[in-house]
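Asks: Shown below is the structure under consideration.
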Amino acid sequence: MAATMVGADEHIPIRGEDDIVAARQCARALAKRLGFGLLDQSRIATAVSELTRNVVRYAATGDAYIRPLEGAPRGTGIEIVVADRGPGIADVELAMRDGYSSGTGLGMGLPGTRRLVDEMEIDTAPGRGTTVTIRKWNRKRNR
Amino acid sequence: MARVPIIKVGETLIATVQDELRDSDALTLQTELSAAVERTGARGVLLDLSAVETVDSFLGRLLGEVAASTRLLGAVTVITGIQPAVAITLVELGLELKGVRTALNPEKGMALLRRLQRLQRLQGEENARLLPARAGSRNGRNDGRR
Ligand SMILES: Nc1ncnc2c1ncn2[C@@H]1O[C@H](COP(=O)(O)OP(=O)(O)OP(=O)(O)O)[C@@H](O)[C@H]1O
Ligand SMILES: [Mg+2]
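Respectively, the protein sequence lines represent chains H and E. To convert, note that position 102 of the first sequence is 102 in the numbering used here; the numbers rise steadily by one, no gaps. To convert, count from 1 in the second sequence and add 143; that's the numbering used here.
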């Protein structure tokens, strides 16, 4: 593979709603540079918007890390880690259910995000915080 | 930043989102649209999202609420210019914008609004014509029931 720089790791501190926009724009820009199509760019930006909004809403502050996955067995991809030290999620299975919200949301954020990406892991514990990792692979390039 | 201007053309309010919307911008737009419908008595709202690249569950829900609340105020809302990628993402996310009328572009949106407004007027006239008759028959049949 040609040694082109497609972007180094990005770190976006999440402190408020402006950062939701910043994080999703950053993820979209990297996805675009990596050759993802418009639909995947939209899926990735929307997933990041959901996860970072959950940080603002439930944990107040946190961090988003966005990086390319290259030379991996599955080809080019993007990985986004959204981490906070908020209250954590007591019942992840429940939180992943369509329509479950502890607040006034639609409860579509987490289950919807799962449908938009290829891989999703949630590491959380009450009182410790929540880290959600999502990955999406560029199928077009893998062929 | 990202304030959305609302202009009135005839009986229709037109709002074109030109920037990435923060949550607070979206909430402001929602309140201002309702206020503008009430103030101007507009019968239609055209909300153009051609420049919007990302619609997540927050904005998706808000669009549904805009359509519902303007309807209660007597105006039909048509959302135009939703990009194909955004539409597919919304469905995958689990939001289908049920009850939200959409059109491909502002031109088609205006045409749809005209049709809907004509329909509304016809229904209004129909109701006005039937109302005295209905009221009369109700008095006759359901006397004392209601
Ligand atoms: N970072 C987080 N920290 C603590 N709790 C969280 C976090 N993310 C999600 N949750 C919990 O998981 C639930 C489900 O989250 P999800 O994003 O699916 O729905 P929501 O945020 O309630 O509504 P929506 O995203 O549709 O507006 C939330 O109501 C909340 O209780
Ligand atoms: Mg959420």
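Here a beta-carbon is modelled for each residue, glycine too, at the ideal position from N, C-alpha and C. Model, not experiment: these values are computed from the prediction.
Please state whether the Cβ-Cβ distance between Arg24(H) and Thr232(E) is less than 7 Å.
Replies: Within the first sequence, numbered from 1, the residue matching residue 24(H) stands at position 24. Within the second sequence, numbered from 1, the residue matching residue 232(E) stands at position 89. In this structure, Thr232(E) does not lie closer than 7 Å to Arg24(H) by Cβ.
Asks: How about the region 149-166 of chain E and the region 82-97 of chain H: do they share at least three Cβ pairs that are nearer than 8 Å?
Replies: Not touching, per the Cβ criterion.
Asks: Would you grab the beta carbon distance between Leu205(E) and Ala169(E) for me? Rounded to a whole angstrom, and I think it's under 8 Å.
Replies: Here residue 205(E) is taken as the residue at index 62 of the second sequence, counted from 1. Here residue 169(E) is taken as the residue at index 26 of the second sequence, counted from 1. About 5 Å; that satisfies the 8 Å criterion.
Asks: Could you pull out every unbroken alpha helix (DSSP H) segment of at least 4 residues lying fully inside the region 61-90 of chain H, listed in chain order?
Replies: none
Asks: Would you mind reading off the limits of the beta strand (DSSP E) that contains Leu190(E)?
Replies: Residue mapping note: residue 190(E) aligns to position 47 of the second sequence, counting from 1. In the DSSP annotation of this structure, the continuous segment of the beta strand (DSSP E) that includes Leu190(E) starts and ends at Gly187 to Asp191.
Asks: Name the chain H residues whose beta carbon is nearer than 9 Å to that of Arg146(E)?
Replies: Sequence index remark: in the second sequence, residue 146(E) carries index 3 (1-based). What Arg146(E) touches in chain H: nothing, since even the nearest Cβ is about 15 Å away.
Asks: If Val180(E) sits next to Thr159(E), beta carbons under 8 Å apart, how far is it from one beta carbon to the other, in whole angstroms?
Replies: Taking the first residue of the second sequence as 1, we reach residue 180(E) at position 37. Taking the first residue of the second sequence as 1, we reach residue 159(E) at position 16. 17 Å between Cβ atoms; not a contact.
Asks: Give me the DSSP bridge partner(s) of Glu121(H).
Replies: The residue labelled residue 121(H) in the question sits at position 121 within the first sequence. Its beta-bridge partners are Thr133(H).
Asks: Can you grab the Cα-Cα spacing for the pair Val243(E) / Thr223(E), in whole Å?
Replies: Translated into the one-based positions of the second sequence, residue 243(E) becomes position 100. Translated into the one-based positions of the second sequence, residue 223(E) becomes position 80. Spanning the two alpha carbons is a distance of roughly 10 Å.
Asks: Determine, using beta carbons only, whether Glu50(H) and Asp199(E) come nearer to each other than 7 Å.
Replies: Counting from 1 along the first sequence, the entry for residue 50(H) is found at position 50. Counting from 1 along the second sequence, the entry for residue 199(E) is found at position 56. In this structure, Asp199(E) lies closer than 7 Å to Glu50(H) by Cβ.
Asks: Relative to chain H, which residues along the region 175-199 of chain E have a C-beta separation below 8 Å, given in chain order?
Replies: Of all residues in the region 175-199 of chain E, Glu196, Thr197, Val198 and Asp199 have a Cβ within less than 8 Å of some Cβ in chain H.
Asks: For the alpha helix (DSSP H) that contains Thr197(E), what are its first and last residues?
Replies: Indexing the second sequence from 1 puts residue 197(E) at position 54. Note, Thr197(E): premise wrong, no alpha helix (DSSP H); not H, not E.
Asks: Do we get a CB-CB distance below 7 Å when we pair Gly109(H) with the residues of chain C?
Replies: Among the chains of the structure shown, chain C does not appear; the protein chains present are H and E.
Asks: Would you report the Cα separation of Val188(E) and Val221(E), rounded to the nearest angstrom?
Replies: Counting from 1 along the second sequence, the entry for residue 188(E) is found at position 45. Counting from 1 along the second sequence, the entry for residue 221(E) is found at position 78. Roughly 6 Å separates the two Cα atoms.
Asks: Checking contacts by CB at 7 Å: is Ala45(H) closer than that to chain E?
Replies: To locate residue 45(H), count along the first sequence from 1; it is residue 45. Closer than 7 Å: yes.
Asks: Leu236(E) CB to nearest chain H CB: under 7 Å?
Replies: Numbered from 1 along the second sequence, position 93 holds the residue referred to as residue 236(E). True, the Cβ-Cβ gap to chain H drops below 7 Å.
Asks: Excluding sequence positions up to five away, which residues of its chain have a Cβ less than 6 Å from the Cβ of Arg128(H)?
Replies: Within the first sequence, residue 128(H) is the residue found at index 128, counting from 1. Excluding residues within five positions, the ones whose Cβ falls inside 6 Å are Gly88.
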